[in-house]
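Heads up: the structure comes next, in structure tokens.
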Amino acid sequence: MATERFFPKSSPGAHGIQYREPLIFERSEQGRMGVSLPDAGVPEADPASEIPAELLRGEIENMPSVTEVQAVRHFVRLSQLNYSVDTGFFPLGSCTMKFNPKVNEWAARLPGFAGAHPYLPEEQSQGALELMYRLERMLSEIAGLHVTTLEPAAGAQGELSGLMMIRAWHMANHGKPRKKVLIPDSAHGTNPASAALNGYVAVELKSNKDGVLEPETVAAAMDEDVAAIMMTNPNTLGIFETHVKEIAEIVHARGGLVYGDGANMNALLGRARPGDMGIDVMQYNLHKTFSTPHGGGGPGSGPVSVAKTLEPFLPRPIVVKDGNHYHLEFDRPQSVGKLRTFWGNFGMMVRAYTYMRELGPEGLKACSDLAVLNAQYIRALIEKEWNVPYGNRSLHEVVYNDKNLKETGCTTMDVAKALVDHGYHPPTVYFPLIVPGAIMVEPTETETKETLENFAQAMMAIAAQAREEPEALKEMPKKPIVERLDETRAARKPVLRWTPGFGAEE
Amino acid sequence: MRYHPHTESDIREMLAKIGVQSLDELFTSIPQSLQMDRPLAVEPALDERALMEHLEELAAKQPKAVPFLGAGAYPHHVPPSVDQLLLRGELYTAYTPYQPEIAQGTLQITFEFQTFVTLLTGLEIANASMYDGASATAEAALMSIRVGNGKRSKVVVSKALHPEYRETVRTYLGEGFELVEVAFDPLTGKTDLAALEAAVDANTAGVIIGYPNFFGVVDDLPGASKIAQQHGALCISATTEALAFGLLQAPGQLGADIAVGEMQSFGNGVNFGGPGLGFFATREKFLRQFPGRVAGATVDRKGERGFVLTLSTREQHIRREKATSNICTNHGLNAAAATIHLSMLGKHGLRAMALLNWRRAKYAREQLAAKGLEPVFSGPVFNEFAVHAPKDAVQRIGEAGLAGGLKLDRYYTELGDGLLLCVTELHDKARIDALVAALS
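Chains R and S are the protein sequences, given in the same order. The first sequence maps to residues 2 to 507 in the working numbering. The second sequence maps to residues 960 to 1399 in the working numbering.
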């Protein structure tokens, strides 16, 4: 095979990763320590003088003992086993991995923010509260909704709190919460789980052949037991739900509410607002739309914007401005309560606010324009070789699949693993579930035209290899420190922690 | 725009390849009537330097002093090495490890985090990074109901548990379940075991007790777990200050079936209360019932050790309506911070740090008592405690250039003059003496 074909010039990470790093528990040597502690500077005392013996413990067996140097090397080496946005293109559809600006990290670490205690008196929290208030105002404007709670810790917790507000609204207005929530098959995977955790029965609705939800489908499913519909818009195919307004009217007419999953808001910034479409409540995912880092799993932040009708039910407290004073308002008798301690993932709010102020209204609109342009450009570059079932209707992400590879025996998973050897993080695979063998690409606005072209070139090379030497493709990836991992074994014989003797059986 | 790479000719060429004339044409699937006809009314753009000045001004409105405040968020020294490692782009700009071959860093750190949580709590399995202590406590309450097969609908919680944890549990439980709060002993600050005994019955799924509790008091976890066990309920310990595990016996050794709480103290700042870092540990027999993400060890095709996310059938990916939780994005980077800090503290440092916190807090308690600010409760405490204080105590502390103290009447009207104070390794003798002087 021609080496050049598999390693385009600008692809990162193409030479693989070198380290094999033991667990920190396997690096330990008794007597070492990696921190410096001050002398207490106060009289010696023995905890046993106050705390009953049965409640005391000594040093914990099996805790590691390493120096700072050992720990630093350990975690630097581990970091080098990760693919990341800072090392390369990360086209995970629906997950939205755009550049994380460094000034955001600087801002979040300002001592006044990072060191602020949530229970400081309000007069000593004015800087933090002002930032929250200004962020809240901007998020409400972008959503086209009345007011926003910043409390939820992540988008999924935002979904949960949004549904709790819907439930509370039904209780307050009709004395019962209703039973069902309608969820299109093109919605995010967390939606049905959030509905179930909130005591609702999730009813799946089918999208039509163009990947959108028909008003007739909703009308047929809508009755007085339906509390709400949860629509992801644009949906997980990246397609705008053209009939959203009509659907909202159908649901409203039968006494239901409309929940908008705002995870894909990066396609709509400055172009369209959920509140204008009849959406009553939506969550943001600050880590997607406003560039706060995902950190290998989080933290996220999931503010929820609501129409005026739902305001009384917001989790408490909310930030309000009273003259020149910023104030946490707790006295909200109809509030659904709290979903966590304190006032939300403030560190993420600082990052999102920083990002929004760097961009301003024109910059935010440009984010959506260029995210959509980039996604459509990839589609145009690959659609000769790859099946793109919903073609040019989609916005910021493009879903294609392995249909054209059927006769080669290669699957979407083989394609994903081959992309690793080409130096790319694979796109989202096998999602959305309504596209068999789905590959979902979301390039985001921060990627260059050249990056997209190189990625498309890798996709074309993989299609060619699938036809010429399918067996080789199935062997991939070869470049990372580990090859395909046995996920079945991990689930059947779960090993979830290190214990002495760990790994001896291998 | 420095985050947007496209030149005008790039855009022209890309539009041509797509086959449209303009950017507007990319949005024709949005009905015209739903498209905005004006710019967003958000605050204007700032260049980087102006932006930094603006943020510095906002942050400068916050006080500089390290507050004598805990109550669920604890100021500790975070070694710069921890933060510099966190700032490695490979850690903070990586996604959830859905492609394990190129996410071994995150996965191994997650596995190490789970190991640390099991060591600290004395339990067998742990998940990776709940949002925070309060929501982890709520998830534990839900799990106790799942373990009870839906036949037990009551959760009993101590009134000495953090008030916001209690409110979060109530919010998560929703209707159909009963949340019963039991009183604490006004003298010791511990949960009233007689009241607990009276409240727990065959309909009780879980018993939740703070360890230490909201008042910093090392509550009677062994007593509470015996009561829970006698009635077939799960005992849940909730710890707001995980550093306490450096000194206190592991909850798993004291009968807790689930240990949850907040680990922000390791490697994470207070950040005005978020992000926090929840932890969740339980017994192996509940493997299929516990919520949240987990990393597991396995081997690759060559037989080399590696790590993957596992047991995801319990999650929102598959069988969504039967998911044990809807958690997707979690607090992974905060878990990484805790893992790094715990590695550096290690066996000896963890113990030494916990002792240091306890000693400084003891000194502060004794000095305050000597000036007439008596402890509110007689129960043993770790690094925070309540004292009877003058009404204007918080103001006086502020005027002395210090910060903090939480007036307990915010949540407990019956504790009118109670002031909750927290002392850590960041409060040296001089700062403690200044606090005492301010309140004398």
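Glycine residues also receive a C-beta, built at the ideal position from the N, C-alpha and C atoms. Because the structure is a prediction, the values reported are computed rather than measured.
Task: Assigned secondary structure, GLN1208/S (DSSP; H/G/I helix, E/B strand, else coil) - done: The sequence position of residue 1208/S within the second sequence is 249, counting from 1. Of the three classes helix, strand and coil, the one that applies to GLN1208/S here is coil, per DSSP.
Open item on the list: Can you tell me whether TYR401/R is helix, strand or coil according to DSSP?
Closed with: Walking along the first sequence from the start, residue 401/R turns up at place 400. Strand at TYR401/R.
Open item on the list: Which same chain residues end up closer than 7 Å to LEU1138/S when comparing Cβ atoms and leaving out the 5 residues on each side of it in sequence?
Closed with: Numbered from 1 along the second sequence, position 179 holds the residue referred to as residue 1138/S. Excluding sequence positions up to five before and after LEU1138/S, its CB lies within less than 7 Å of the CB of VAL1114, VAL1116, VAL1128, ARG1129 and LEU1132, all in the same chain and listed in chain order.
- [ ] Taking CYS411/R as the query, report the chain S residues whose CB atoms sit under 8 Å from its CB, ordered along the chain.
- [x] As a working mapping, residue 411/R is identified with position 410 in the first sequence. Residues of chain S passing the Cβ test: none, with the nearest at roughly 17 Å.
Open item on the list: Using only CA atoms, which one of ALA491/R, ARG28/R, ILE379/R and THR233/R lies nearest to GLY978/S?
Closed with: Within the second sequence, residue 978/S is the residue found at index 19, counting from 1. Distance check between GLY978/S and each of ALA491/R, ARG28/R, ILE379/R and THR233/R places ILE379/R closest, using alpha-carbon atoms only.
TODO: Tell me whether HIS118/R is buried or exposed, calling it buried when 16 or more other Cβ atoms sit within 10 Å of its Cβ.
DONE: Here residue 118/R is taken as the residue at index 117 of the first sequence, counted from 1. It counts as buried.
TODO: Determine which residues of the segment 1060 to 1071 of chain S have a Cβ less than 8 Å from any Cβ of chain R, and write them out in chain order.
DONE: Against chain R - using a Cβ distance shorter than 8 Å - the residues of the segment 1060 to 1071 of chain S are GLU1060, ILE1061, ALA1062, GLN1063, GLY1064, THR1065, GLN1067, ILE1068, THR1069, PHE1070 and GLU1071.
- [ ] Quick one: give me the first and last residue of the beta strand (DSSP E) that MET232/R is part of.
- [x] By one-based count along the first sequence, residue 232/R stands at place 231. DSSP places MET232/R in the uninterrupted beta strand (DSSP E) bounded by 227 to 233.
Open item on the list: Looking at the ligand GTP, does it come within less than 7 Å of LYS1023/S, judged from the CB to the closest heavy atom?
Closed with: Ligands are entirely absent from the displayed structure, and the ligand GTP is therefore not among its contents.
Task: ILE1186/S in three-state terms, based on DSSP - done: The residue labelled residue 1186/S in the question sits at position 227 within the second sequence. Helix, per DSSP.
TODO: Starting from GLN458/R, find everything on chain S with Cβ-Cβ shorter than 9 Å and list it in chain order.
DONE: Taking the first sequence and counting its residues from 1, the one referred to as residue 458/R is at position 457. Under the 9 Å cutoff, chain S gives no residues; its nearest Cβ is about 14 Å from GLN458/R.
TODO: Output, in sequence order along the chain, the residues in the segment 268 to 284 of chain R whose CB is closer than 7 Å to any CB in chain S.
DONE: Those residues of the segment 268 to 284 of chain R that come within reach of chain S (Cβ to Cβ, closer than 7 Å) are GLY271, ARG272, ALA273, ARG274, ASP277 and MET278.
Open item on the list: On a Cα-Cα basis, can you pick out the residue from GLU1358/S, TYR1090/S and ILE1391/S that is closest to ALA1328/S?
Closed with: In the second sequence, residue 1328/S corresponds to position 369, counting from 1. Of GLU1358/S, TYR1090/S and ILE1391/S, the residue nearest in Cα terms is ILE1391/S.
Task: Three-state secondary structure (DSSP) of ARG1264/S - done: For the purposes of this step, residue 1264/S is taken as the residue at position 305 of the second sequence. Of the three classes helix, strand and coil, the one that applies to ARG1264/S here is strand, per DSSP.
Open item on the list: Measuring alpha carbon to alpha carbon, tell me which residue in GLY200/R, ASN199/R, ALA197/R and PRO193/R is nearest LEU206/R.
Closed with: Counting from 1 along the first sequence, the entry for residue 206/R is found at position 205. Ranking GLY200/R, ASN199/R, ALA197/R and PRO193/R by Cα distance to LEU206/R puts PRO193/R first.
TODO: Starting from MET223/R, trace the alpha helix (DSSP H) both ways and give me its first and last residue.
DONE: On the first sequence, residue 223/R is found 222 positions in, with the first residue counted as 1. If you look at MET223/R, you'll find it isn't in any alpha helix (DSSP H); DSSP assigns it neither H nor E.
Open item on the list: What would DSSP say about SER968/S, mapped onto helix, strand or coil?
Closed with: In the second sequence, residue 968/S corresponds to position 9, counting from 1. Of the three classes helix, strand and coil, the one that applies to SER968/S here is helix, per DSSP.
TODO: Return the Cβ separation of PRO153/R and PRO304/R in integer angstroms, given the expectation that the two are a contact with Cβ distance under 8 Å.
DONE: Here residue 153/R refers to the residue found at position 152 when the first sequence is read from its first residue. Here residue 304/R refers to the residue found at position 303 when the first sequence is read from its first residue. Sure, about 7 Å apart at Cβ, within 8 Å.
Task: THR1257/S versus VAL67/R: straight-line alpha-carbon distance, rounded - done: Position 298 of the second sequence, counted from the start, is the residue given in the question as residue 1257/S. Position 66 of the first sequence, counted from the start, is the residue given in the question as residue 67/R. The alpha-carbon separation between THR1257/S and VAL67/R amounts to approximately 26 Å.
- [ ] Tell me whether ASP277/R sits in a helix, a strand or coil according to DSSP, three-state version.
- [x] Numbered from its first residue, the first sequence carries residue 277/R at position 276. Three-state DSSP puts ASP277/R in a helix.
Open item on the list: Counting only beta-carbon separations shorter than 8 Å, does VAL321/R have a partner in chain S?
Closed with: Within the first sequence, residue 321/R is the residue found at index 320, counting from 1. For VAL321/R, the answer is no, since every Cβ of chain S falls outside 8 Å of its Cβ.
Open item on the list: For THR243/R, which residues in the same chain have their Cβ closer than 7 Å to its Cβ, ignoring the five residues on either side in sequence?
Closed with: Position 242 of the first sequence, counted from the start, is the residue given in the question as residue 243/R. Contacts found: VAL213.
Task: CB of GLY1265/S within 8 Å of CB of GLN1063/S, strictly - done: Residue numbering aside, residue 1265/S sits at position 306 when the second sequence is read from its first letter. Residue numbering aside, residue 1063/S sits at position 104 when the second sequence is read from its first letter. Contact flag set, yes.
Open item on the list: According to DSSP, simplified to helix, strand and coil, what is PHE503/R?
Closed with: Numbered from its first residue, the first sequence carries residue 503/R at position 502. In the three-state DSSP reduction, PHE503/R falls in the coil class, being neither helix nor strand.
Open item on the list: Taking only three categories from DSSP, how would you classify PRO1181/S?
Closed with: Against the second sequence, residue 1181/S aligns to sequence position 222. PRO1181/S falls in the helix class under three-state DSSP.
Open item on the list: Residues of chain R with CB closer than 8 Å to the CB of GLN1130/S, please, in chain order.
Closed with: As a position in the second sequence, residue 1130/S is number 171, starting the count at 1. First, the amino acid is wrong: residue 1130/S is Thr here, not Gln. In chain order: MET165, PRO316, VAL337, GLY338, LYS339 and LEU340.
TODO: Report all residues from its chain with a CB closer than 6 Å to the CB of ALA1362/S; omit the five preceding and five following residues, and keep chain order.
DONE: Position 403 of the second sequence, counted from the start, is the residue given in the question as residue 1362/S. Within the same chain, and ignoring the five residues on either side of ALA1362/S in sequence, the residues whose Cβ sits closer than 6 Å to its Cβ are PRO1022, ALA1024 and PRO1026.
- [ ] Taking only beta-carbon positions, decide if PHE1225/S is within less than 8 Å of chain R.
- [x] Here residue 1225/S is taken as the residue at index 266 of the second sequence, counted from 1. Interface flag for PHE1225/S against chain R is unset, since no Cβ pair is found closer than 8 Å.
Open item on the list: Counting beta carbon pairs with one atom in the segment 452 to 471 of chain R and one in the segment 977 to 993 of chain S, are three or more of them shorter than 8 Å?
Closed with: Look at the beta carbons and you see the segment 977 to 993 of chain S not touching the segment 452 to 471 of chain R: under three pairs across the two are nearer than 8 Å.
Task: Where LEU1120/S falls: helix, strand or coil (DSSP) - done: Counting from one through the second sequence, the residue named residue 1120/S turns up at place 161. In this structure, DSSP gives LEU1120/S a state outside helix and strand, which the three-state scheme calls coil.
Open item on the list: So, at 7 Å on beta carbons, what are the nonlocal neighbours of PRO964/S in its own chain, with the 5 sequence-adjacent residues on each side left out?
Closed with: Numbered from its first residue, the second sequence carries residue 964/S at position 5. The answer is none, since no qualifying residue turns up.
TODO: Reducing DSSP to helix, strand and coil, say where GLY1220/S ends up.
DONE: For this step, residue 1220/S is matched to residue 261 along the second sequence. Strand.
Task: 7 Å Cβ cut-off: residues of chain R touching MET1303/S - done: In the second sequence, the residue the question calls residue 1303/S occupies position 344. Here the neighbours are GLY35, VAL36, GLU69 and ALA72.
- [ ] Sort out for me which residues DSSP pairs LEU93/R with in a bridge.
- [x] One-based indexing of the first sequence puts residue 93/R at position 92. Answer by DSSP bridge pairing, in chain order: VAL442/R.
TODO: Check whether the Cβ of ILE1195/S lies closer than 8 Å to any Cβ atom in chain R.
DONE: Indexing the second sequence from 1 puts residue 1195/S at position 236. With 8 Å as the cut-off, ILE1195/S does not count as an interface residue toward chain R.
Task: Where LEU374/R falls: helix, strand or coil (DSSP) - done: Locating residue 374/R in the first sequence gives position 373, counting from the first residue. The answer is helix: DSSP assigns LEU374/R an H, G or I state.
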